[in-house]
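3 is the number of the first residue of the sequence shown in my numbering; add one for each residue after it. Built from N, CA and C at the ideal position, the CB exists for glycine as well. Given the structure is predicted, the values throughout are model-derived calculations rather than measurements. Data block below; observations after.
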Amino acid sequence: MRRIARAARLVVAAPVVILSILPMKAGATGVYENAAAEPAFLLSPRRVTLGATLDFSSNEPIEAAVYRIGAGFPLRSAFMLGLEQTFVSVSDTSDIKSGIGDLTLRGSAHMWGRKHRSLFLLGYLNTGTSQKEFFPYSSKTLDVSTSLAYVDTLGNATVYATGGRTWVNRSDEERPVDTRHTDYWRGSAGVAIGGGDVRGQGGTLYEYTSDHAERWLWYGAASVITSDAIVLHASVQFETGKEPQRVSDWAGSLGFTVRF
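Structural data, given as structure tokens:
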């Protein structure tokens with residue numbers, strides 16, 4: 003319990019220190035991200051999986067539905083690979099646009115472990131898969147991200163913290179800053195609690211861009227194991243901070259995973 007208490011204090015203190023040091027600027031945004039997706043991938047059992055999720059995002063007057071289809075593959079005992087394709091539908095007061103979104107390739111490597119503590123190397127590659135762009139719900143840029151992740155487990159509670167950098171390639175620098183995204187630092191932290199068939203999770207994701215803009219997302223998630231093969235999951239998230247920098251005021255998701 004002492005380790006979890008220390009980690010919880012770090013989760014609260016670190017963002018406060020970051021905000022007191024870094025200058026902030028309105029007018030820049032990022033690409034839509036389900037804040038629960040990366041920790042779910044990090045903490046998931048090493049099994050082959052297939053899954054589908056529907057995300058609904060609201061940022062008045064714009065609403066978006068993001069359909070995500072994905073799969074996970076363990077590579078030996080230390081590595082995990084994930085693939086995810088999105089399909090996007092965006093509507094406002096005058097029009098509805100839909101099409102193929104981005105393809106994301108995720109990976110994790112178990113670098114170190116001692117008792118209930120582990121250190122992972124996380125990464126993802128995100129790229130557009132069509133000529134259309136539904137920014138900020140998809141982008142034709144090529145994003146490459148690497149992070150270090152620390153996981154500490156005690157009983158039915160698991161605490162995690164990550165920190166890393168994302169590089170945005172193929173970005174049109176001539177576009178206004180509120181219609182494109184740039185390189186950014188990212189950090190996240192949270193806790194997963196539960197045993198048996200029900201598990202709850204909550205945490206935060208912070209991003210600070212090279213344009214000196216910030217995004218801060220807070221999420222809560224729950225999953226229910228209905229059988230050894232089927233897991234149902236749901237999440238909700240909110241963005242705080244200056245309104246021009248938000249991708250969505252709030253978003254929710256429902257989905258399922260089949261494990262083999």
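task: Give the straight-line distance between the Cα atoms of A222 and W169, rounded to the nearest whole angstrom.
output: Position check: residue 222 holds Gly in this sequence, whereas Ala was assumed. Their backbone Cα atoms lie some 27 Å apart in a straight line.
task: Output the boundary residues of the beta strand (DSSP E) element that contains E86.
output: Boundaries of the beta strand (DSSP E) around E86: F81 to S93.
message: With the cut-off set at 7 Å, would you say Y139 and Y69 are in Cβ contact?
response: No, these two residues do not count as a Cβ contact at 7 Å.
Outcome for V92 when other beta-carbon atoms lying within 10 angstroms are tallied against a minimum of 16: In this structure V92 is buried. Its beta-carbon is surrounded by 16 or more other beta-carbon atoms within 10 angstroms.
message: Here's the rule I'm using: 16 or more other beta-carbon atoms within 10 Å means buried, otherwise exposed. How should L207 be labelled?
response: With a 10 Å radius around the Cβ and a threshold of 16 neighbouring Cβ atoms, L207 comes out buried.
message: Is the separation between the beta-carbon of F264 and that of G254 shorter than 7 Å?
response: Nothing can be reported for residue 264: it is not among the residues displayed for the chain, which extend from 3 to 262.
query: DSSP three-state call for Q239: helix, strand or coil?
result: Under the three-state reduction of DSSP, Q239 is assigned to strand.
query: How should R108 be labelled, buried or exposed, when 16 other C-beta atoms within 10 angstroms of its C-beta is the threshold for buried?
result: In this structure R108 is buried. Its beta-carbon is surrounded by 16 or more other beta-carbon atoms within 10 angstroms.
- prompt: Ends of the beta strand (DSSP E) at A151?
  reply: Taken as a continuous stretch (DSSP letters only), the beta strand (DSSP E) holding A151 covers L144 to L156.
At least three beta-carbon pairs within less than 8 Å, the segment 70-78 to the segment 46-57: Touching, yes.
message: Could you check whether the Cβ of L219 sits closer than 7 Å to any Cβ belonging to chain D?
response: Given the protein chain composition of this structure (a single chain), no chain D is represented.
- request: Give the secondary structure of P76 by DSSP, where H, G and I count as helix, E and B as strand, and everything else as coil.
  value: Shown here, P76 sits in a strand according to DSSP, grouped into three states.
- prompt: How would you write the range of the alpha helix (DSSP H) that F43 sits in, first residue to last?
  reply: First-last of the alpha helix (DSSP H) with F43: A39 to L45.
- prompt: Quick one: what does DSSP say P25 is sitting in, helix, strand or coil?
  reply: Its pLDDT being 43, under 50, P25 is placed unreliably in this model, and the coordinates cannot settle the point.
message: Give me the residue from T88, G84 and A236 with the minimum Cα distance to K134.
response: Selected option, being the one with the closest Cα: T88.
Closest residue to I232 among P41, R49 and L45 (Cα-Cα distance): Among P41, R49 and L45, the Cα nearest to that of I232 is on R49.
query: Secondary structure at E245, three-state DSSP: helix, strand or coil?
result: Of the three classes helix, strand and coil, the one that applies to E245 here is helix, per DSSP.
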